[in-house]
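S.K.:
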Amino acid sequence: MSAQQNTKPDHVKLIKKLVFTVVFMFGFGFALVPLYDVFCDITGLNGKTSNSAASQSQVVDVDRLVTVEFIAHTQGRLPWTFEPEIKRIKVHPGEHHEVNF
Amino acid sequence: MTAKQLSWLVPTAVFANSAMADDMRLNLTKGVTDISSSVYDLHMIIFYICCVIAILVFGVMFYSMLHHRKSKGVTPANFHESTKVEIIWTAVPFIILIGMAFPATKTLIEMEDTSDADLTVQVTGSQWKWHYKYFDHDLEYYSLLATAPQQIANEREKSENYLLEVDRPLVIPVGKKVRFLITSDDVIHSWWVPEFAVKKDANPGFINESWTRVNEPGIYRGQCAELCGKDHGFMPIVVIAKEQGDFDAWMKQEVEMARIAKEEEQKLLAMNMSYDELMKVGEKAYIANCAACHQVSGEGIPGVFPALKGSKIAIEDLGAHIDIVVNGKPGSAMQGYGKQLGLKDLAAIVTYERNAWGNNTGDAVQAAQINAYLTSQ
Amino acid sequence: MSSIENSATDHHDDHEHHGAPKGIMRWILTTNHKDIGSLYLLFSLLMFFIGGAMAMVIRAELFQPGLQIVEPNFFNQMTTVHGLIMVFGAVMPAFVGLANWMVPMMIGAPDMALPRMNNWSFWILPFAFLILLMSLFMEGGGPAFGWTFYAPLSTTYSGDSTAFFVFSVHIMGISSIMGAINVIVTIFNLRAPGMTFMKMPLFVWTWLITAFLLIAVMPVLAGAVTMVLTDKYFATSFFSAAGGGDPVLFQHIFWFFGHPEVYIMILPAFGIISQIVPTFSRKPLFGYSSMVYATASIAILSFMVWAHHMFTTGMPLAGELFFMYFTMLISVPTGVKVFNWVATMWRGALTFEVPMMFSIAFIVLFTIGGLSGLMLAITPADFQYHDTYFVVAHFHYVLVTGAIFSIMAGAYYWLPKWTGHMFDEGLAKLHFWLSLVSVNVLFFPMHFVGLAGMPRRIPDYATQFADFNAIISIGGFAFGLSQLLFVAVVYKCIKGGEKATDQVWEGAEGLEWEVPSPAPYHTFETPPTIK
Chain A
1 MSAQQNTKPD
11 HVKLIKKLVF
21 TVVFMFGFGF
31 ALVPLYDVFC
41 DITGLNGKTS
51 NSAASQSQVV
61 DVDRLVTVEF
71 IAHTQGRLPW
81 TFEPEIKRIK
91 VHPGEHHEVN
101 F
Chain B
102 MTAKQLSWLV
112 PTAVFANSAM
122 ADDMRLNLTK
132 GVTDISSSVY
142 DLHMIIFYIC
152 CVIAILVFGV
162 MFYSMLHHRK
172 SKGVTPANFH
182 ESTKVEIIWT
192 AVPFIILIGM
202 AFPATKTLIE
212 MEDTSDADLT
222 VQVTGSQWKW
232 HYKYFDHDLE
242 YYSLLATAPQ
252 QIANEREKSE
262 NYLLEVDRPL
272 VIPVGKKVRF
282 LITSDDVIHS
292 WWVPEFAVKK
302 DANPGFINES
312 WTRVNEPGIY
322 RGQCAELCGK
332 DHGFMPIVVI
342 AKEQGDFDAW
352 MKQEVEMARI
362 AKEEEQKLLA
372 MNMSYDELMK
382 VGEKAYIANC
392 AACHQVSGEG
402 IPGVFPALKG
412 SKIAIEDLGA
422 HIDIVVNGKP
432 GSAMQGYGKQ
442 LGLKDLAAIV
452 TYERNAWGNN
462 TGDAVQAAQI
472 NAYLTSQ
Chain C
479 MSSIENSATD
489 HHDDHEHHGA
499 PKGIMRWILT
509 TNHKDIGSLY
519 LLFSLLMFFI
529 GGAMAMVIRA
539 ELFQPGLQIV
549 EPNFFNQMTT
559 VHGLIMVFGA
569 VMPAFVGLAN
579 WMVPMMIGAP
589 DMALPRMNNW
599 SFWILPFAFL
609 ILLMSLFMEG
619 GGPAFGWTFY
629 APLSTTYSGD
639 STAFFVFSVH
649 IMGISSIMGA
659 INVIVTIFNL
669 RAPGMTFMKM
679 PLFVWTWLIT
689 AFLLIAVMPV
699 LAGAVTMVLT
709 DKYFATSFFS
719 AAGGGDPVLF
729 QHIFWFFGHP
739 EVYIMILPAF
749 GIISQIVPTF
759 SRKPLFGYSS
769 MVYATASIAI
779 LSFMVWAHHM
789 FTTGMPLAGE
799 LFFMYFTMLI
809 SVPTGVKVFN
819 WVATMWRGAL
829 TFEVPMMFSI
839 AFIVLFTIGG
849 LSGLMLAITP
859 ADFQYHDTYF
869 VVAHFHYVLV
879 TGAIFSIMAG
889 AYYWLPKWTG
899 HMFDEGLAKL
909 HFWLSLVSVN
919 VLFFPMHFVG
929 LAGMPRRIPD
939 YATQFADFNA
949 IISIGGFAFG
959 LSQLLFVAVV
969 YKCIKGGEKA
979 TDQVWEGAEG
989 LEWEVPSPAP
999 YHTFETPPTI
1009 K
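Order-wise, the sequence lines are chains A, B and C. Counting in this note's numbering, the first sequence runs from 1 upward without gaps. Counting in this note's numbering, the second sequence runs from 102 upward without gaps. Counting in this note's numbering, the third sequence runs from 479 upward without gaps.
(1) Could you tell me whether the region 397–411 of chain B touches the region 353–362 of chain B, where touching means 3 or more Cβ pairs closer than 8 Å?
(2) Starting from the Cα of C/H450, find the closest Cα among C/Y766, C/A587, C/G851 and C/G765 and give me that residue.
(3) Thinking C-beta only, is C/M583 closer than 7 Å to C/T1001?
(4) Could you please give me the residues that DSSP links to B/S311 through a beta bridge?
(5) Identify the contact partners of C/V647 in chain B, using a Cβ-Cβ distance below 9 Å as the criterion.
(6) Taking a cut of 9 Å between CB atoms, which residues from the region 806–819 of chain C lie near chain B?
(7) Residues of chain C with a CB under 7 Å from the CB of A/L18: which are they?
(8) Between the C-alpha atoms of A/A31 and A/V38, what's the straight-line distance to the nearest angstrom?
(9) In three-state terms, what does DSSP make of B/D302?
(10) Have a look at C/S995, C/P937, C/F836 and C/E831 and flag the residue whose alpha-carbon is nearest the alpha-carbon of B/F335.
(11) Below 8 Å CB to CB, which residues in the same chain sit around B/W229 once its five sequence neighbours on both sides are set aside?
(12) What residues in its chain sit with their C-beta under 6 Å from that of C/T509, if we drop five residues either side in the sequence?
(13) Okay, do the region 633–642 of chain C and the region 694–710 of chain C touch, 3+ Cβ pairs below 8 Å being the bar?
(14) If contacts are defined as beta-carbon pairs under 8 Å, then C/A948 and C/Q542 qualify, I think. What distance do you get, rounded to the angstrom?
(15) What does DSSP give as the partner residues of B/F406 in its beta bridges?
(16) Taking just the CA atoms, how far does C/K512 sit from C/L520?
(17) Cβ closer than 7 Å: which chain A residues qualify as neighbours of B/L282?
(18) According to the neighbour-count rule (16 or more other Cβ atoms, all chains shown, within 10 Å of its Cβ), is C/I536 buried or exposed?
(19) At a CB-CB cut-off below 7 Å, which residues of chain B make contact with C/F676?
(20) Here's a check: name, in chain order, each residue in its chain whose Cβ is nearer than 7 Å to the Cβ of C/F801, leaving out the five neighbours to either side.
(21) Roughly how far, in whole angstroms, is the beta-carbon of C/G618 from the beta-carbon of B/G404, given that I think they are within contact range, below 8 Å?
(22) Within the continuous alpha helix (DSSP H) that includes B/C394, where are the two ends?
(23) Which residue wins for smallest C-alpha separation from C/V919, given the options C/Y939, C/I950, C/A944 and C/V682?
(24) Return the chain-ordered list of same chain residues with a C-beta closer than 7 Å to the C-beta of C/I687, the five sequence neighbours on each side being excluded.
(25) Taking A/V68 as the reference, give the member of B/Q354, B/D286 and B/D217 with the closest Cα.
(26) Who are B/V340's beta bridge partners in DSSP?
(27) Where does C/S884 fall in DSSP's three states?
(28) Counting Cβ pairs, one atom from each stretch, are 3 or more of them under 8 Å apart for the region 284–291 of chain B and the region 251–264 of chain B?
(29) Got a sec: which bits of the region 302–315 of chain B sit with their beta carbon under 8 Å from any beta carbon on chain A, in order along the chain?
(30) How do the region 365–378 of chain B and the region 425–438 of chain B stand: do at least 3 beta-carbon pairs fall below 8 Å, yes or no?
(31) C/Q981 by DSSP, collapsed to three states: which one?
(32) Are the region 708–727 of chain C and the region 12–29 of chain A in contact at 8 Å, needing three or more beta carbon pairs?
(33) Please go through the same chain and pick out, in chain order, the residues whose beta-carbon is closer than 6 Å to the beta-carbon of B/S119, but skip the five residues on each side of it.
(34) Any beta-carbon of chain C closer than 7 Å to the one on A/V38?
(35) Consider the Cβ of C/P725: report whether some Cβ of chain A lies at a distance smaller than 7 Å.
(36) Find the residues of chain C that neighbour A/V66, judging by a C-beta separation of less than 9 Å, and give them in chain order.
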């Protein structure tokens, strides 16, 4: 039995580490929520754009033409309509345009 | 083992129902687009690679099982490693995989290129129907399962396209790049047409893109591919691909019909429909739109979908009743039908719900009342 | 923490040298690894039949097109609860049961390191499944959103039973985590002198790696169900776009748990097969160390492939490519394992007792499941396969003819050691052949209906799928009934039979074959010396 008596403190240390891992991973599960947002923010995926206005370059690049499309969708159960007035617009990068919904 | 199984299965399957044997398909469809045919090619290449691997591995194993049996008096060898062999069988699969990754990557890049579409259709899933909205035309409509409930309940013979037929299919032109913007109003659905090799999830609050360019005119059928609740198995997709000229004519006619329907509706406001007529129209519209959840009996499914029979909303305050039918109930499965149905159907449904199953309120709700409610918002 | 410490400390004081006590209290209060192993195994057998009965309901409904037996809402509950029970109630507890029985005996330990926690981790399990099964009888029925419980179907649109589902999954998770901690502590601290890591039997190795996977991902599952709970009842919006959340985020979190979970259910199976094949080949396992490294690399890669379950969710191209490449990569270490088993058999002296028959069937059929998995990894093709019966065929090949067949193989392999009797070989062979034929009649045609375009999780289908579905259902009923033979074999073996020798199988090697058959209530109280 003496061999196992010696291992007892090891048990506690190891269990502490393992329980810490469990708690850490439980936290990590929740941390995925903000991490996912951060990841999408950085890469601009999933339509998540920052709410602050982008700094504007005043130079109009007339050589390039970019098509911007607008789409709005309200779930069927909301009692209002919300639609872009124009569906698509071709702009040169740097130009100013206003589009109403 | 499986080869034996296969040879046994196929004849059984064919003889089991020879009438249906013609339709029976064992393999992935080649489809009707360039993309779907390259997907088919990818599928076949990887399938053959898998077959070769399987034959080699199982061949060695079965050889061993036949010749290295104890009953043959063999003495077992004692080798248990060989670095050379182990490196080979790690490296060879790796090389095969790299070979496989190239065509897969190429096809994938093509599939994800949604730029420069000729026509854009917004596809919206909701429990359990699809809604199509043409981006540059004034046309949008819902597409519902057209199979009769009696067929599903085995009371009537099943039609040829059982569960794969809808009342209003999506129509697109052939030879044009059609882009789909896919979203959902409630849970996640998935819009899938095998012949186009298009399967894309419809996520509520987000818009996914996909595209197709159909080569041949025809009728193509698919189904919702993501579990979306009770009637997930009953929301098919039908797409008709027409020549551009036919498509334009169809579009013109549909837009015109939508305009006429709107005019009719305005006329309706001045008319009063009789109680009997409302109940007759109402029953039909109720079964088509409401009975999936609230059931034909009006009793709902306890704990999931509330009963209308004897319910407070259906026998007391008429305004609240119209409100929930028109706008739905946020945070629940109850959709708003104000945009889905015409005034006549809405009025008839409310009338029906207030009088069927012993709800006997005697109310006859007119289209004008619904319209008054809608415009007051 | 303190209670765990106490149980570890107290254990050796009340650890008396006696045989098994009698009566029901023996089983309720037991801290003996063999008793708890038996409890786990019997529990998982019971769950296997309950989950199987649900599969029979599903197959009966799908026998013909049209709705005959159940209505769609109940059908969805059946597919959901069938999945949950088979994954968390049948496969996982069976592996924990085998670990309880065999790990201490294989490494020369007297018991599991934390015997009282062991008792707890088993005894909370029946309550978890009682809660889950009872929820089926609630008004509105049990969970009907698939075992993957994708939001928002499981949040805004789910029934009242969702809270019970969440509670039940929490308990299952706690049980698994406690079991995993126990396995790790046992393997780290209680190995007999001389039993170095690289001398451990592969079953012990695969379980060690599995236990680490469990510790890493079960808490993530707990987090996911907690978020579902708060989204549904406490107005948070983790997964609702209306509140700034994202339903796809749920799938990321779920599959971050879900893909390693798949390997949790197959790595111990690899371990079992790696024990059995050398025994009946009378030849040492080929490439022991490459087996260990392959297992470890599968475990690590399993954290980098989760989104291959989500190719159709609208991921960006870069994401799709990343997950496609890594998923393809995982087939390399898996292939190494298969090659090693075949090389072990090569030029051995093979005999074909029942455990070996199940193992060979495992190698062939699991490989078929693995190859269809490789096909599913090809993203463009996956757009066609995803959520069809092709996927159903794939994961049943790896889980039924993979995990379940390996459990059967392991059970037949060690049954004589557990009971002290040889089992009825004729009956067992009948069980094997009936299972082998029926399982293929059941799952092989699913590949075809899937490719032909039948979506999964539907209670009714278009008429062109009718013939195959009838065949599949017949295979299903036959497979279900064949499993009753297994119960008969086990029952007869417990009751009596030819006396088993200590070594049981001619070519068997390892510490577990050096103790008497049946294994005495306490083994290795003085640690053995390893050659």
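Every residue, glycine too, gets a C-beta built ideally from N, C-alpha and C.
M.R.: According to the structure shown:
(1) no
(2) Lying outside 479 to 1009, the shown extent of chain C, residue 450 of chain C is not represented and no answer is given.
(3) Mapped onto the third sequence, residue 1001 of chain C falls at position 523. Mapped onto the third sequence, residue 583 of chain C falls at position 105. Yes, the pair counts as a contact, with Cβ atoms nearer than the cut-off.
(4) To locate residue 311 of chain B, count along the second sequence from 1; it is residue 210. Note: B/S311 sits in a beta bridge opposite B/F281.
(5) To locate residue 647 of chain C, count along the third sequence from 1; it is residue 169. Ordered by position in chain B, no residue passes the 9 Å Cβ test against C/V647, which lies about 18 Å from the chain.
(6) M806, L807, S809, V810, P811, G813, V814, V816, F817, N818 and W819
(7) Sequence index remark: in the first sequence, residue 18 of chain A carries index 18 (1-based). Ordered by position in chain C, the residues that pass the 7 Å Cβ test against A/L18 are I659, I662 and I693.
(8) Numbered from 1 along the first sequence, position 31 holds the residue referred to as residue 31 of chain A. Numbered from 1 along the first sequence, position 38 holds the residue referred to as residue 38 of chain A. Those two C-alpha atoms are separated by around 11 Å.
(9) As a working mapping, residue 302 of chain B is identified with position 201 in the second sequence. Looking at B/D302 - three-state DSSP - the assignment turns out to be strand.
(10) Working through the second sequence from its first residue, we reach residue 335 of chain B at position 234. Of C/S995, C/P937, C/F836 and C/E831, the residue nearest in Cα terms is C/P937.
(11) Position 128 of the second sequence holds residue 229 of chain B. Within the same chain, B/W229 has close Cβ partners L246, C325, C329, G330, K331, D332, H333, F335, M336 and A393.
(12) On the third sequence, position 31 is the one that residue 509 of chain C refers to. Within the same chain, C/T509 has close Cβ partners P593, R594 and N597.
(13) yes
(14) Counted from its first residue, the third sequence places residue 948 of chain C at position 470. Counted from its first residue, the third sequence places residue 542 of chain C at position 64. Confirmed, Cβ separation roughly 7 Å.
(15) Counted from its first residue, the second sequence places residue 406 of chain B at position 305. The partner list for B/F406 (beta bridge, DSSP) reads B/I402.
(16) In the third sequence, residue 520 of chain C corresponds to position 42, counting from 1. In the third sequence, residue 512 of chain C corresponds to position 34, counting from 1. Cα to Cα, the separation comes out at about 12 Å.
(17) Position 181 of the second sequence, counting from 1, holds the residue named residue 282 of chain B. The contacting residues are I71.
(18) Taking the third sequence and counting its residues from 1, one reaches residue 536 of chain C at position 58. Burial call: buried.
(19) Taking the third sequence and counting its residues from 1, one reaches residue 676 of chain C at position 198. Position check: residue 676 of chain C holds Met in this sequence, whereas Phe was assumed. By Cβ distance, chain B contributes nothing, its closest Cβ being about 13 Å from C/M676, past 7 Å.
(20) As a position in the third sequence, residue 801 of chain C is number 323, starting the count at 1. Same-chain partners within the cutoff: V783, A785 and H786.
(21) On the third sequence, residue 618 of chain C is found 140 positions in, with the first residue counted as 1. On the second sequence, residue 404 of chain B is found 303 positions in, with the first residue counted as 1. So it is a contact: roughly 2 Å between Cβ atoms.
(22) Here residue 394 of chain B refers to the residue found at position 293 when the second sequence is read from its first residue. From DSSP, the alpha helix (DSSP H) with B/C394 extends over A392 to H395.
(23) For the purposes of this step, residue 919 of chain C is identified with residue 441 of the third sequence, where counting begins at 1. Selected option, being the one with the closest Cα: C/I950.
(24) Your numbering for residue 687 of chain C matches position 209 in the third sequence. Within the same chain, C/I687 has close Cβ partners L745, T773, A774 and A777.
(25) Within the first sequence, the letter at position 68 stands for residue 68 of chain A. Checking every option, the nearest Cα to that of A/V68 belongs to B/D217.
(26) On the second sequence, position 239 is the one that residue 340 of chain B refers to. Paired residue(s): B/L271 and B/Y321.
(27) Within the third sequence, numbered from 1, the residue matching residue 884 of chain C stands at position 406. Residue state, collapsed to three classes: helix.
(28) no
(29) P305, F307 and I308
(30) no
(31) Walking along the third sequence from the start, residue 981 of chain C turns up at place 503. Three-state result, C/Q981: coil.
(32) no
(33) Residue 119 of chain B sits at position 18 when you count from the first residue of the second sequence. Any answer about B/S119 is weak, because its pLDDT of 41 lies below 50 and its placement is not dependable; what the coordinates show is given next. There are no such residues.
(34) In the first sequence, counting from the first residue as 1, residue 38 of chain A sits at position 38. Answer no: the Cβ-Cβ gap between A/V38 and chain C never drops below 7 Å.
(35) Sequence index remark: in the third sequence, residue 725 of chain C carries index 247 (1-based). No - not a single Cβ of chain A is within 7 Å of the one on C/P725.
(36) For the purposes of this step, residue 66 of chain A is taken as residue 66 along the first sequence, with counting starting at 1. In chain order: nothing, as chain C lies at least about 19 Å away.
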